[in-house]
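Asks:
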Amino acid sequence: MRRAVPFLVAALALVAACAVVESPPGGPVDETPPRLAGFSPDSAAVVTGPLTRLAFDFSEKMNRTKAGGWLHLYPTRRIRKTSWKGAIRAEVELEEPLPPDTVVVVEVAAKMKDAHKVSGMIERRYPVFTGEVSAPGRISGSLVLADSALADAVVELLPVPPDTVAWDRQDILRRTRCDRDGRFELQWLPVPSGPYLLHAFADGDLNLRRGEKEPHRLLPDTVSLVPGRETVELGATTLYPLDTPGRLRLLTPDTLPPASRFGVIAMAITEADTGWDPAPAAFDSLTFSWLDSVLGDTLAAVTPGPNRLILFADLDRDSSFSVVPDSLVPGRGDTLLYVVADSAADTTGHYLEPWRDLEPVAIEPGLLQTYTLPPGRFTLTAWPEPEIPAPAVGDSTAAADSLTRAAVTPADSTAAPDSTGTAPPDSTGAAEPDTLGVAAPDTTTAPGE
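Going from the sequence shown to the numbering used here is simple: count from 1 and add 26.
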């Protein structure tokens, strides 16, 4: 037992000595971002034969991550394996060779970090030619947000999709980043080529992905490159904050009968949306708009994002979605104009004003969009007769007078502002039933009858 004690002490001393593998840390903190020092194949290299391996050399030891997080190829290629040599050289193996006779753009993202987790590496994009191909095409322009240059924004190049494919469900053909002045340039494009779509978005976190709160938009025009027009300058394009109201222009098909006055209720569709149940609705300057021509007007200040649109005929011109007697519904039995909501429609004598629930439309922030109203019938929904407010106690004359006026004149709505901040059309005169292209039945009574 006595022999074991010196042995144990010696062993503990040895362990303590082995635990100190390096001197305590010291010196200045590493704040220098890494940089891409070299790559193979080189920029603008012409490669013959199948190519499945790429190599990248960095200026210092890197945080050894898989290339799928920082390397992107256009056209897209899947990455099979990433091998690091001494934490400074990354060798990337592809699932399949680069396509022949093509300009392949290699993109190394700025999100890479060195071994000390220092980021800030400058993005690099360069071409590799897999054959004797020519790519003189260029598309350039600039981006603006809130009257200022949108620095560091990203512009993506996409093909114009077929009608059956959404534009954002396609592979990106190219992308680039704006400089400090908001200028961008997409290079190394074949001629002829296109047509192309361009999608731009703010990228404050420099991760090359559009966040839910980052402004974005499609640029307004498609672009094609042809001989003699290898370079296209698009000028300045404005992006808008996500809460900027949009505008919606409604166009009518030839099959819709003319009407003197329509109202449109625009309602933002939220995640908790359960649909719309028709019911009388008082005028609301935030959601109501008026179309006083034959459906060719523009709705201002529509909430960005998906919106439900309710179109209704304001038959009594009271500036609300209200209940009217059947005598105000022109052509009530015309099945080309109306669909009856239920079998009780002929028993109440009153209806909600004819309405249509249009297909939802997505409103882009700050932009004007055009929506062509599809052909369709208006719905007639039977509704109980509205109650007439009781007169004030002791004022029987005023009560009788008010009942007489209510029978012949709709409510005066001249004081109610519309969605643009102006008053809706004056409705102080006699009721003017909306014709919907059909003469309304004559409900007046000649004297003496």
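Each residue gets a CB set at the ideal place from its N, CA and C atoms; glycine is no exception.
Keep in mind it's a predicted model, so treat the numbers as computed, not measured.
Counting only the same chain and skipping the five closest in sequence on each side, list residues whose C-beta sits under 8 Å from that of V406.
Replies: Note that residue 406 is Leu in the sequence shown here, rather than Val. Non-local beta-carbon contacts of L406 in its own chain, meaning distances under 8 Å to residues more than five positions away in sequence, involve V355, R358, Y364, V365, V366, A367, A371, Y377, L378, P380 in chain order.
Asks: Where L244 and L223 are concerned, what is the direct C-alpha to C-alpha distance, given to the nearest angstrom?
Replies: Distance from the CA of L244 to the CA of L223, rounded to the nearest whole angstrom, comes to 7 Å.
Asks: Just how far apart, CA to CA, sit A177 and S168?
Replies: In this model, A177 and S168 are separated by some 9 Å (Cα to Cα).
Asks: Closest to R403 by CA distance: which of I336, E390, Q395 is it?
Replies: I336
Asks: Got a sec, what are the start and stop residues for the beta strand (DSSP E) T324 sits in?
Replies: In the DSSP assignment, T324 falls within the beta strand (DSSP E) that extends over 324 to 328.
Asks: Assuming L184 contacts Y100 under a Cβ cut-off of 8 Å, what Cβ separation, rounded to an integer in Å, is found between them?
Replies: Going by Cβ atoms, the distance from L184 to Y100 rounds to 11 Å, so no, they are not a contact pair.
Asks: Could you pull out every residue in the same chain whose Cβ sits closer than 6 Å to the Cβ of D247, ignoring the five residues on either side in sequence?
Replies: Taken in chain order, the list of residues that qualify is empty.
Asks: Leaving out the 5 sequence neighbours to the left and right, which residues in its chain are closer than 6 Å to D427 when beta-carbon positions are compared?
Replies: Here D427 scores only 45 on pLDDT, less than 50, and its place in the model should not be relied on; the value that follows carries that caveat. Cβ neighbours of D427 beyond the five flanking positions: none.
Asks: When burial is assigned at 16 or more other CB atoms within 10 Å of the CB, is V72 buried or exposed?
Replies: exposed
Asks: Ignore the nearest five residues each way along the sequence and tell me which others in E182's own chain have a CB closer than 6 Å to its CB.
Replies: I198, R201, H225
Asks: Looking only at its own chain, which residues have a Cβ that is under 6 Å from the Cβ of L493, when we skip the five neighbours before and after it?
Replies: Here the chain has residues from 27 to 475 only, and residue 493 is not among them.
Asks: What would DSSP say about W193, mapped onto helix, strand or coil?
Replies: It is helical.
Asks: Starting from H376, trace the beta strand (DSSP E) in both directions and tell me its first and last residue.
Replies: 376 to 378
Asks: Cα separation between V305 and E411?
Replies: The sequence shown places Ala at residue 305, rather than the Val named in the question. Whole-angstrom Cα-Cα distance: 13 Å.
Asks: Could you tell me the alpha carbon to alpha carbon distance between L171 and P218, rounded to whole angstroms?
Replies: 32 Å
Asks: Look at the alpha carbon of V134 and the alpha carbon of K143, and state the distance between them as a whole number of angstroms.
Replies: 17 Å
Asks: Using beta carbons (cut-off 8 Å, strictly below), is D140 in contact with chain C?
Replies: Looking for chain C here will not work: only one protein chain is present.
Asks: Over the uninterrupted beta strand (DSSP E) stretch that includes I105, give me the two end residues.
Replies: Element bounds for I105: 105 to 111.
Asks: Quick check on the DSSP output: the beta strand (DSSP E) that includes L88 runs from which residue to which?
Replies: First, the residue type needs correcting, since residue 88 is Met and not Leu in the sequence shown. Note, M88: premise wrong, no beta strand (DSSP E); not H, not E.
Asks: For the 8 Å Cβ check, are there 3 or more pairs between the region 231 to 238 and the region 247 to 258?
Replies: no
Asks: Any idea what DSSP makes of D140, helix, strand or coil?
Replies: strand
Asks: So, is W193 buried or exposed, given that buried needs 16 or more other C-beta atoms within 10 angstroms?
Replies: Exposed, because fewer than 16 other Cβ atoms sit within 10 Å of the Cβ of W193.
Asks: Quick check on the burial criterion: 16 or more other C-beta atoms within 10 angstroms. Buried or exposed for I389?
Replies: With 16 or more neighbouring CB atoms inside 10 Å of its own CB, I389 falls in the buried class.
Asks: Do G331 and D352 have their beta-carbon atoms positioned less than 8 Å apart in this structure?
Replies: no
Asks: Could you say which of V328, T324, D83, L212 lies nearest to D269 if we only look at CA atoms?
Replies: V328
Asks: Could you tell me whether the Cβ atoms of R273 and A326 are closer together than 8 Å?
Replies: yes
Asks: Quick one: Cα of L62 to Cα of R150, how far?
Replies: 8 Å
Asks: If we count Cβ pairs, one from each stretch, closer than 8 Å, do we get three or more for the region 107 to 115 versus the region 148 to 162?
Replies: no
Asks: Tell me whether S346 sits in a helix, a strand or coil according to DSSP, three-state version.
Replies: coil
Asks: Could you tell me the distance, in whole angstroms, from the CA atom of M138 to the CA atom of R115?
Replies: 13 Å
Asks: Could you check whether P267 and N333 sit closer than 8 Å to each other, using their CB atoms as the reference points?
Replies: Remark: C-beta atoms of N333 and P267 do not approach each other more closely than 8 Å.
Asks: Below 8 Å on the Cβ atoms is my guess for R164 versus Q196; work out the distance and round it to an integer in Å.
Replies: Contact doesn't hold; Cβ gap of about 22 Å is too wide.
Asks: What are the boundary residues of the beta strand (DSSP E) that includes P241?
Replies: Taken as a continuous stretch (DSSP letters only), P241 belongs to no beta strand (DSSP E), as it is neither H nor E.
Asks: Got a sec? Which residues, its chain only, sit under 6 Å from T264 by beta carbon, not counting five neighbours each side?
Replies: V170
Asks: Mind checking whether T74 and P123 have CB atoms under 8 Å apart?
Replies: no
Asks: G359 by DSSP, collapsed to three states: which one?
Replies: DSSP places G359 in coil when its eight states are reduced to three.
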